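Visitor: The following block contains the structure, expressed as structure tokens.
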Ligand SMILES: [Zn+2]
């Protein structure tokens with residue numbers, strides 16, 4: 009807490025909102041971040057619109073969840089074996105927002121999906 013006026017003046021947020029945020033506890037701020045990320049996802053085009061199959065891949069399913077997009081896809085091993093493509097595999101895809109406002113997709117591999125039919 010320096011004494012250089014405390015509040016940054018380059019926010020484009022309403023003063024009242026900034027003052028309110030400054031008064032929050034850490035756990036409340038985390039909830040604000042969580043809430044804002046959910047709102048950003050609601051307002052943006054669905055992440056599944058940005059997910060494209062790479063060469064040799066096949067996207068079998070996508071489903072929007074509150075915090076991530078679930079993707080099931082099969083993919084080649086890179087050696088073009090007779091079993092290619094492999095999977096299907098389940099991923100959770102998150103959109104990360106960089107400080108400059110650009111976004112990138114973050115893929116988290118969760119594992120093989122086994123069909124309920126076999
Ligand atoms: Zn293969």
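Numbering (our numbering), first residue to last: 9 to 126.
Even glycine gets a Cβ: it sits at the ideal position worked out from N, Cα and C.
Given the structure is predicted, the values throughout are model-derived calculations rather than measurements.
1) So, under 8 Å CB-CB, residue 96 and residue 68 are touching, yes? Tell me the CB distance rounded to an integer number of Å.
2) Go to residue 27, then tell me how far its alpha helix (DSSP H) extends in each direction, as first and last residue.
3) On a Cα-Cα basis, can you pick out the residue from 63, 102, 92 and 33 that is closest to residue 79?
4) Return the residue from the list 76, 48, 85 and 51 that minimises the CA-CA distance to residue 66.
5) If you measure from each CB to the nearest heavy atom of ligand 1 and keep those under 6 Å, what residues do you get, in chain order?
6) For the stretch 87 to 116, which segments carrying the beta strand (DSSP E) assignment without a break, of at least 3 residues, lie completely within its bounds, in sequence order?
7) So residue 80 is in the beta strand (DSSP E); what residue range does that whole segment cover?
Guide: Looking at the atomic coordinates:
1) 5 Å
2) 23 to 30
3) 102
4) 85
5) 84, 85, 87, 89, 91, 92 and 94
6) 94 to 105
7) 77 to 83
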